[in-house]
Amino acid sequence: MDVKFLGGAREVGRSAILVNDALLLDYGMLTGNPPQFPVGRVDPEAVVVSHGHLDHVGTLPALLSGDARPPIHWTPPTYELTLLLARDTLKLHGGSYNCPFTETDVKRVTQVSETHGYRETFEAAGHQVTFYNAGHIPGSAHVLVDDGDTRLLYTGDICVDSHGGDGNLSDGRPGGVQGQRLVVGTTDRPDADVVIVESTYSDVEHDPRAAVERRFVESVETTLWEGGTVVVPAFAIGRTQELLLVCEAYDLPCYVDGMGKRVTRMLRQHPGFVRDPDALRRATSHARFVTGRDGQRKRIADQNTVIVTTSGMLSGGPAMTYIPEIRMNPTNKIAMTGYQVEGTPGRELLETGRAEIDGRVMPVSAQVEQYDFSAHADRHGLLSFLDAYRDADVLVNHGDRCEAFADELGDDGFNASAPERGDRLSLGDARTPDTGEERGRRELGIGLVSHPDGFAGSSGRPAKTCTLGSPSRGGTRA
Numbered sequence: 030m031d032v033k034f035l036g037g038a039r040e041v042g043r044s045a046i047l048v049n050d051a052l053l054l055d056y057g058m059l060t061g062n063p064p065q066f067p068v069g070r071v072d073p074e075a076v077v078v079s080h081g082h083l084d085h086v087g088t089l090p091a092l093l094s095g096d097a098r099p100p101i102h103w104t105p106p107t108y109e110l111t112l113l114l115a116r117d118t119l120k121l122h123g124g125s126y127n128c129p130f131t132e133t134d135v136k137r138v139t140q141v142s143e144t145h146g147y148r149e150t151f152e153a154a155g156h157q158v159t160f161y162n163a164g165h166i167p168g169s170a171h172v173l174v175d176d177g178d179t180r181l182l183y184t185g186d187i188c189v190d191s192h193g194g195d196g197n198l199s200d201g202r203p204g205g206v207q208g209q210r211l212v213v214g215t216t217d218r219p220d221a222d223v224v225i226v227e228s229t230y231s232d233v234e235h236d237p238r239a240a241v242e243r244r245f246v247e248s249v250e251t252t253l254w255e256g257g258t259v260v261v262p263a264f265a266i267g268r269t270q271e272l273l274l275v276c277e278a279y280d281l282p283c284y285v286d287g288m289g290k291r292v293t294r295m296l297r298q299h300p301g302f303v304r305d306p307d308a309l310r311r312a313t314s315h316a317r318f319v320t321g322r323d324g325q326r327k328r329i330a331d332q333n334t335v336i337v338t339t340s341g342m343l344s345g346g347p348a349m350t351y352i353p354e355i356r357m358n359p360t361n362k363i364a365m366t367g368y369q370v371e372g373t374p375g376r377e378l379l380e381t382g383r384a385e386i387d388g389r390v391m392p393v394s395a396q397v398e399q400y401d402f403s404a405h406a407d408r409h410g411l412l413s414f415l416d417a418y419r420d421a422d423v424l425v426n427h428g429d430r431c432e433a434f435a436d437e438l439g440d441d442g443f444n445a446s447a448p449e450r451g452d453r454l455s456l457g458d459a460r461t462p463d464t465g466e467e468r469g470r471r472e473l474g475i476g477l478v479s480h481p482d483g484f485a486g487s488s489g490r491p492a493k494t495c496t497l498g499s500p501s502r503g504g505t506r507a
C-alpha cells in the first residue's frame with residue numbers, strides 16, 4: 030500500500046491523504062488569509078471523508094470541477110455538513126481565490142454522494158472500507174481501508190470518553206476528556222497494520238468535562254443573577270449544539286444565532302448519530318432561535334440571557350452585532366468556548382482586552398473568559414486509543430507538534446513517525462528492526478510534491494519514497 034500526504038502533515042488544516050494513487054481520504058482547507066489547499070494534482074477514483082469540518086472537506090467540491098466524477102463516501106451527517114459549509118464558502122468568497130469551486134461543483138457533489146452508516150463495509154476504488162464512530166462530532170468516523178495486503182486505520186479527528194463507553198455521562202478520571210453531551214466517544218479499535226492518528230492536543234491534558242461545565246454554568250448564573258448578558262461565541266458544528274444541551278440541562282435561558290441554527294435543525298434529522306436524541310430535541314425546544322429581523326439582535330443584547338452565536342473566533346457572524354452592544358458593561362460577559370487561532374479577533378480579545386470588529390478596534394469592558402469544551406482527545410485520550418496498536422506502525426499527523434509526539438511515542442515503544450506534507454510512503458513487506466536511538470521510529474525519506482496552479486503549496490521538490498514495516502495486525506477487532 031502506498032500513502033501520499035497532500036496536506037494535514039505537521040499542520041492542522043487541509044487534511045488530504047491519497048492511498049494507492051486511487052483512494053482519497055479527505056480534502057480540506059487550511060483557513061487563513063489567504064487560505065491554503067492540499068498540494069499536488071489529484072485525480073482519485075473515489076473519495077472517503079472522515080467528517081464535516083472545513084479542514085477536512087473545505088476543498089472537496091473542487092475535485093468535481095473537471096470531467097471526473099469520483100464517488101464520495103461519507104456518513105449522512107457529514108454529507109449534509111459538507112454541503113452547508115460549501116454553500117457558506119460560496120456565499121462569503123465565491124468567485125475569489127478563497128473559494129476554489131463553483132455552485133456547479135457543489136451541485137455535482139449531490140450527484141456522486143454515497144452515504145454509509147458505522148460498521149458498514151463498502152467498496153471504494155478497489156478497497157474495502159469501513160466507518161467507525163470517532164466521537165468527534167455527529168457523523169465523524171475512523172476510516173479503515175483494506176487493500177488485501179495492508180489494513181490502514183485513518184483516525185480522522187477523535188474524542189475518547191474517559192468512562193467505559195457505556196453511553197452515560199460521567200465525571201470520569203481526572204485529565205481525560207469527559208463525555209460530550211452531543212456524541213458518544215470512540216470505543217472501536219479495529220485491527221490495523223498502520224494507524225494515521227491526529228495529534229491536535231498531544232501535549233495537553235483537558236480538565237474533566239464535568240468540571241468545565243460546572244465552572245461555565247456557575248459563571249453564567251452569576252452574570253444572569255447580576256442582571257448581565259452572556260455572549261457565547263461558538264463553532265456552528267458540534268460546539269453550538271453542545272452548549273445548547275448544557276443550557277437546557279441547567280435551565281439557563283438562551284438564544285441561538287448564526288449558522289449553528291441550521292446545523293442544529295439538520296442534526297435533529299439524524300438521531301442515530303447523537304448520544305441522546307431526546308436531549309437534543311429538548312435543547313432545541315428550550316433555545317430561542319434568532320431570526321435577526323427588525324433589530325431583534327440589538328434588543329436581545331439588552332436581555333438577561335445567554336446568546337450562543339457564531340463565529341467561534343469572532344471573525345464573522347452575528348457575534349459582530351452582539352459584542353459591540355454588550356462590550357462596555359462590566360457586568361456582561363463573553364465566554365469563549367473554543368481554541369482561538371493566532372491572528373483572530375477572539376485571540377486578540379483574550380490577550381489584549383480589545384477586538385477588531387467590522388474594521389474598528391474596540392476596547393471591551395465586559396468580562397472575558399475561556400472554557401475548554403474541546404471535542405478532540407487530549408494526550409491521555411490519544412495514548413489510551415493507541416495502546417491497542419503497539420504492534421502497528423503509527424503515523425502522526427494533524428498537529429503542531431507531530432514530530433515531538435512521534436518521538437514521545439517512540440520512547441514508549443511504538444513504531445512512530447511524523448510524515449511531512451508531500452511524503453509518499455510505501456507500507457511494504459520488510460520491517461526494519463528498531464535499534465539504537467531510533468527507539469521504534471523509522472527514518473523517512475522527506476520531500477514535497479509540486480503544487481497545482483493557484484493552490485498554496487510547497488517548494489516543488491520531488492517526493493521520495495520510504496518503506497514502512499510488514500503487515501502485523503494490531504488492536505482488537507471491533
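Mapping of the sequence shown onto the working numbering: position 185 corresponds to residue 214, and the numbering continues sequentially without gaps. From the three backbone atoms N, C-alpha and C, an ideal C-beta is built for every residue, glycine too. Because the structure is a prediction, the values reported are computed rather than measured.
- By a beta-carbon distance limit of 8 Å, Val226 does not contact Val48. Their separation comes to about 16 Å.
- Counting other Cβ atoms within 10 Å of its Cβ, Asp401 reaches 16 or more and is therefore classed as buried.
- Note on geometry: alpha-carbon atoms of Gly289 and Asn62 lie some 23 Å from one another.
- Judged by DSSP in its simplified three-state form, Leu173 adopts strand.
- By a beta-carbon distance limit of 8 Å, Gly267 does not contact Arg238. Their separation comes to about 14 Å.
- Per DSSP, the continuous alpha helix (DSSP H) segment holding Glu271 begins and ends at Arg268 to Ala278.
- Counting along the chain, Ile386 sits inside the beta strand (DSSP E) bounded by residues Arg383 to Ile386.
- For Val224, same chain residues with a beta-carbon under 6 Å away, outside a window of 5 residues either side, are Leu182, Tyr418, Ala421 and Val423 in chain order.
- The Cβ-Cβ distance between Asp31 and Ser455 falls below 8 Å.
- Taking all protein chains in view, the Cβ of Arg453 is crowded by 16 or more other Cβ atoms within 10 Å, so the residue is classified as buried.
- Here His171 is not near Asp134, since their CB atoms are 8 Å or more apart.
- Of the candidates Ile329, His299 and Lys362, the residue whose Cα lies closest to the Cα of Glu255 is Lys362.
- Taking Ala316 as reference, the option from Asn333, Pro300, Val285 and Val241 with the minimal CA-CA separation is Val285.
- DSSP, reduced to helix, strand and coil, places Ser248 within a helical segment of the structure shown.
- If you draw a 10 Å sphere on the C-beta of Phe318, you find fewer than 16 other C-beta atoms in it, and that means exposed.
- When Cβ pairs closer than 8 Å are counted between the two stretches, the segment 273-285 is seen not to touch the segment 380-392, the count staying below three.
- For Ser231 and Phe434, the gap between their C-alpha atoms comes out near 7 Å.
- With fewer than 16 other Cβ atoms from the protein chains shown falling within 10 Å of its own Cβ, Leu121 counts as exposed.
- In the three-state reduction of the DSSP assignment, Met391 falls in the strand class, which pools E and B.
- Around the beta carbon of Gly81, 16 or more other beta carbons sit within 10 angstroms, so the residue counts as buried.
- Thr338 carries a strand assignment under DSSP once its states are collapsed to helix, strand and coil.
- Per DSSP, Arg180 lies in no alpha helix (DSSP H); the unbroken beta strand (DSSP E) holding it starts and ends at Arg180 to Tyr183.
- The segment 303-314 makes no contact with the segment 437-448: fewer than 3 CB pairs, one atom from each, lie closer than 8 Å.
- Rounded to the nearest angstrom, the gap between the Cα atoms of Arg39 and Asp222 is 22 Å.
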